[in-house]
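For what it's worth, the numbering used here labels the leading residue of the sequence shown as 8, then goes sequentially. Every residue gets a Cβ at the ideal spot worked out from N, C-alpha and C, and that includes glycine. Quick caveat, the model's predicted, so the values are computed rather than measured. Shown next, in structure tokens, is the structure this report addresses.
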Amino acid sequence: MVDFLWDSTLGGACPIVCDTSPCSGTITHTYGTLLTGDYYRRWKKLRIYDFPVFFAKVVIPSRSEWPKVPGTAILHPTCTLIKSGGSPALKLVAETFCEHVYIPAEAGCCGFAGDRGFLVPELTESATAAEAREILAIEQFPTPLRYYSTSRTCEMGMTAATGKVFQSIVYLCYEALVATPARSA
């Protein structure tokens with residue numbers, strides 16, 4: 008894998024951006040511990056980012072104004088994003104591209120745990136109960152309400168818990184930058 012990433016990034020010149028926080032976390036915090044010698048030296052030169060962190064550090068600072076979509080972005084920070092310190096980046100991305108942002112006070116682990124949510128859906132149902140109640144009680148925020156996270160399985164778990172369609176934060180960026188008339192801002 009190191010050879011492939013090294014060659015694909017022109018020796019680390021191009022960043023690697025992963026749109027799934029658990030994958031980003033595994034790649035950045037685990038793989039390097041398994042390597043030695045030249046593989047390890049090259050690995051350390053690779054610039055690997057989780058999507059919200061890349062957007063917050065590299066993309067957003069490149070312009071003073073960005074188009075926003077109307078409504079409220081409701082965020083579910085994943086466990087990995089929280090552990091890696093990336094939650095502020097997720098919030099910044101949402102604030103940059105949506106008029107209003109809300110992170111539930113009860114936001115926590117969705118219990119999907121990789122594939123556990125497929126095998127033991129009661130785990131996810133139990134883990135998301137308080138956060139789902141909070142999300143479903145939201146009435147005071149400007150509409151439309153939009154739901155985002157940074158892991159497809161977490162998005163599936165939160166969608167199952169709330170009946171609201173959670174999707175990748177990438178879709179908010181896309182909608183603001185490409186799919187709305189606001190893009191000319």
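Under DSSP, VAL108 forms a beta bridge with ALA80.
Bounds of any beta strand (DSSP E) do not take in SER28; it lies within the alpha helix (DSSP H) bounded by 28–36. Check the Cα spacing between TYR46 and each of GLU182, GLY18, ASP26, SER31: the tightest is with GLY18. For LEU152, the uninterrupted beta strand (DSSP E) segment begins and ends at 152–156. Here ILE145 carries a coil assignment [DSSP, helix/strand/coil]. Of the residues assessed, ILE145 falls on the exposed side of the cut-off, its CB having fewer than 16 other CB atoms within 10 angstroms.
Residue nearest to GLU138 within the set LEU126, ALA186, PRO84, LEU99 is PRO84 (criterion: CA-CA distance). Contact fails between the stretch 161–171 and the stretch 91–100, because fewer than three Cβ pairs, one in each stretch, are under 8 Å apart. If you ignore the 5 residues before and after ALA63, its C-beta comes within less than 7 Å of the C-beta of ALA96, LEU99, VAL100, all in its own chain and listed in chain order. Non-local beta-carbon contacts of THR150 in its own chain, meaning distances under 6 Å to residues more than five positions away in sequence, involve GLY78 in chain order. In the DSSP assignment, ASP57 falls within the beta strand (DSSP E) that extends over 55–57. Judged by beta-carbon spacing, TYR155 lies within the 8 Å limit of LEU179, meaning their Cβ atoms are closer than that value. Burial check for THR135: the Cβ neighbour count within 10 Å reaches 16 or more, so the residue is buried.
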